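Here the sequence shown stands for residues 1 to 118, where the numbers follow the numbering used here. We treat Cβ as the ideally placed atom computed from N, Cα and C, and that holds for glycine. Predicted, not measured: the structure shown is a model, and the values here were computed from it. Heads up, the thing below is written out as structure tokens.
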Amino acid sequence: FGGDTIESLLNYVYTGRLTISLSNVQSLIGGAQYFAIEYVVDECARFISKRIDIDNVLTLLSFCEFIALHKMDNLILRFIDKNFVPISLTPEFLEIPVDEPESLHQRDSINVDNEGQV
């Protein structure tokens with residue numbers, strides 16, 4: 001995270017105001033985790049949760065795993081389970097190794113009509 005992130009976090013600390021956007025949410029989470037500003041982490045997680053869609057869910061899952069934002073895991077995985085078939089048609093999905101134990105292909109909770117869709 002950079003100077004803009006630190007400025008936004010300081011602004012929040014002094015004013016209680018926080019502006020979250022698609023362009024700054026990832027850096028805000030990183031900075032908020034670093035400085036242990038849990039409210040900002042929670043607000044960023046809430047912001048992300050309202051914007052999950054088929055095209056960005058795998059990127060969000062990867063990002064949340066990378067920064068250990070585990071509070072988002074269940075929400076993201078439920079979205080994937082519910083929308084597995086359209087997500088499985090995205091280019092990002094095709095890059096997921098099928099032999100990883102935690103692979104999305106292996107989940108029992110995915111919503112498919114038959115195993116041929118997995």
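- No Cβ-Cβ contact shorter than 8 Å links ILE54 with LEU60.
- For VAL41, the closest C-alpha among the options ALA68, LYS82 and ASN83 is that of ALA68.
- Fully contained in the region 28 to 52 are the following alpha helix (DSSP H) runs of length 4 or more, in chain order: 38 to 49.
- Here ASN24 carries a coil assignment [DSSP, helix/strand/coil].
- LEU89 counts as exposed, since fewer than 16 other beta carbons sit within 10 angstroms of its beta carbon.
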